[in-house]
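For the sequence shown, the residue numbers in the numbering used here are 6 to 214.
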Amino acid sequence: MRFRRSLVLLSIGAVFLTLTSNPVTATIVIPPEFEEMAAKSDFVVRGRVDRMTSELVAKDDSRKIYTRVKVEVLEIIAGTPPEDLVLVCLGGRVGDEELIVDGAPVFRVGEESIFFVRRNGRALSPLYAMSYGHYPIRTDSSTKRRYVARQNEVPLESVAEVAQPLLDGHAAHAESARRLKANALSPTDFAEKIKAVVSRRNTTIDANH
6 MRFRRSLVLL SIGAVFLTLT SNPVTATIVI PPEFEEMAAK SDFVVRGRVD RMTSELVAKD
66 DSRKIYTRVK VEVLEIIAGT PPEDLVLVCL GGRVGDEELI VDGAPVFRVG EESIFFVRRN
126 GRALSPLYAM SYGHYPIRTD SSTKRRYVAR QNEVPLESVA EVAQPLLDGH AAHAESARRL
186 KANALSPTDF AEKIKAVVSR RNTTIDANH
């Protein structure tokens, strides 16, 4: 997690951007198994980010930025989400100050994704295992087929890949280019696999009572 202040200096014919960073803490996230994430999330939805608003909260000597992400729920895959779903995330930008949480999911207004939500408003991230609980839905430009990607834009071909570390930078770009989008799970396929895990868990719980 990093807090940085951006200072913009203007001169004739040029703009200079100076950033100073103050490291606070590192974020270590262990990739979850798919069945663990599906079973232990409070709820899972397919939704579209409607809007995002950030605010700076100052208390005593602490300064933190929180971002509220309003999600339009398009499909309830598992569990019972609130009628108005707003994800509360530590981090964001207010004016020339920005709080960056390493490993946190990245949201964009208008983007459709599958969200594995857990402890919303009560944890560092509202999603299970942070970025591992966020699956953007993309459309293949050539075939118009919709498919599920991981946070790093690598198409998701199997639920077993959920437990693999998220590549970043050039490694993620190379892996994404190597894969065939036609082999990636569709949103419907992914949702059905989530529902199957939740159904098995509920059956086991009922059998033990």
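Don't be surprised by glycine CBs; every beta carbon is placed ideally from N, CA and C.
The segment 160 to 172 contacting the segment 66 to 77, beta-carbon criterion three pairs below 8 Å: no
Enumerate in chain order the residues of its own chain whose CB-to-CB distance from Arg-56 is below 7 Å, with the five nearest sequence positions on each side excluded. Position 51 of the sequence shown holds residue 56. Same-chain partners within the cutoff: Lys-75 and Val-114.
Which residues bound the alpha helix (DSSP H) around Lys-45? Residue 45 sits at position 40 when you count from the first residue of the sequence shown. Run containing Lys-45: 39 to 45, per the alpha helix (DSSP H) assignment.
How many Å lie between Thr-209 and Ile-82 at the Cα? The residue you call residue 209 lines up with position 204 of the sequence shown. The residue you call residue 82 lines up with position 77 of the sequence shown. Near 19 Å, if we compare the C-alpha coordinates of Ile-82 and Thr-209.
Could you work out which residue in Lys-186, Leu-129 and Val-122 is closest to Thr-148 when comparing CA atoms only? Residue mapping note: residue 148 aligns to position 143 of the sequence shown, counting from 1. Of the listed residues, the one whose Cα sits closest to Thr-148 is Lys-186.
Pro-87: buried (16+ other C-beta within 10 angstroms of its C-beta) or exposed? Mapped onto the sequence shown, residue 87 falls at position 82. Its Cβ having fewer than 16 others within 10 Å, Pro-87 is exposed.
Which runs of the alpha helix (DSSP H), 4 residues or longer, sit entirely within the segment 123 to 189? 174 to 183
Straight-line CA distance for Arg-184 to Leu-61? On the sequence shown, position 179 is the one that residue 184 refers to. On the sequence shown, position 56 is the one that residue 61 refers to. Looking at the two C-alpha atoms, the distance is approximately 41 Å.
Considering just the uninterrupted stretch of the beta strand (DSSP E) at Ala-63, what are its terminal residues? Your numbering for residue 63 matches position 58 in the sequence shown. It spans 48 to 64 - the beta strand (DSSP E) in which Ala-63 sits, taken as one unbroken run.
Under a Cβ-count criterion, where at least 16 other Cβ atoms within 10 Å of its own Cβ denotes burial, should Ala-201 be classed as buried or exposed? As a working mapping, residue 201 is identified with position 196 in the sequence shown. Ala-201 comes out exposed.
Name the DSSP bridge partner or partners of Leu-95? Here residue 95 refers to the residue found at position 90 when the sequence shown is read from its first residue. Partner(s): Tyr-71.
Classify Leu-79 as buried or exposed, calling it buried when 16 or more other Cβ atoms lie within 10 Å of its own Cβ. Walking along the sequence shown from the start, residue 79 turns up at place 74. It is exposed - the Cβ of Leu-79 has fewer than 16 other Cβ atoms within 10 Å.
Once DSSP output is grouped into helix, strand and coil, what is the label at Phe-195? For this step, residue 195 is matched to residue 190 along the sequence shown. Three-state result, Phe-195: helix.
Who are the near neighbours of Thr-85 in its chain, counting only those whose CB is closer than 8 Å to its CB and skipping five residues on each side? Here residue 85 is taken as the residue at index 80 of the sequence shown, counted from 1. These residues qualify, in order along the chain: Phe-48.
Taking C-beta to C-beta, are Leu-92 and Val-106 nearer than 8 Å? The residue you call residue 92 lines up with position 87 of the sequence shown. The residue you call residue 106 lines up with position 101 of the sequence shown. Against a cut-off of 8 Å, the Cβ pair of Val-106 and Leu-92 comes out as no contact.
Is the distance from the Cβ of Pro-192 to the Cβ of Arg-51 below 8 Å? On the sequence shown, residue 192 is found 187 positions in, with the first residue counted as 1. On the sequence shown, residue 51 is found 46 positions in, with the first residue counted as 1. Yes, the pair counts as a contact, with Cβ atoms nearer than the cut-off.
Beta-carbon contacts of Thr-144 that lie in its chain and below 6 Å, excluding the five residues immediately before and after: One-based indexing of the sequence shown puts residue 144 at position 139. Around Thr-144: Arg-151.
Is the beta carbon of Leu-161 less than 8 Å from the beta carbon of Ala-134? Here residue 161 refers to the residue found at position 156 of the sequence shown. Here residue 134 refers to the residue found at position 129 of the sequence shown. For Leu-161 and Ala-134, no; Cβs fall outside 8 Å.
Whole-angstrom distance between Asp-101 and Gly-18, CA atom to CA atom: As a first step, residue 18 must be located in the sequence shown, where it is residue number 13. As a first step, residue 101 must be located in the sequence shown, where it is residue number 96. Legend: pLDDT at Gly-18 = 32, less than 50; position of this residue unreliable, no value from coordinates given.
Pair within 8 Å by beta-carbon distance, Val-164 and Ile-119: Residue mapping note: residue 164 aligns to position 159 of the sequence shown, counting from 1. Residue mapping note: residue 119 aligns to position 114 of the sequence shown, counting from 1. Against a cut-off of 8 Å, the Cβ pair of Ile-119 and Val-164 comes out as no contact.
How many Å lie between His-175 and Ser-181 at the Cα? Stepping through the sequence shown from its first residue, residue 175 is reached at position 170. Stepping through the sequence shown from its first residue, residue 181 is reached at position 176. Going from the Cα of His-175 to the Cα of Ser-181 covers about 10 Å.
Can you give me the C-alpha to C-alpha distance between Glu-38 and Glu-116, rounded to a whole angstrom? By one-based count along the sequence shown, residue 38 stands at place 33. By one-based count along the sequence shown, residue 116 stands at place 111. Approximately 25 Å between the Cα atoms of the pair.
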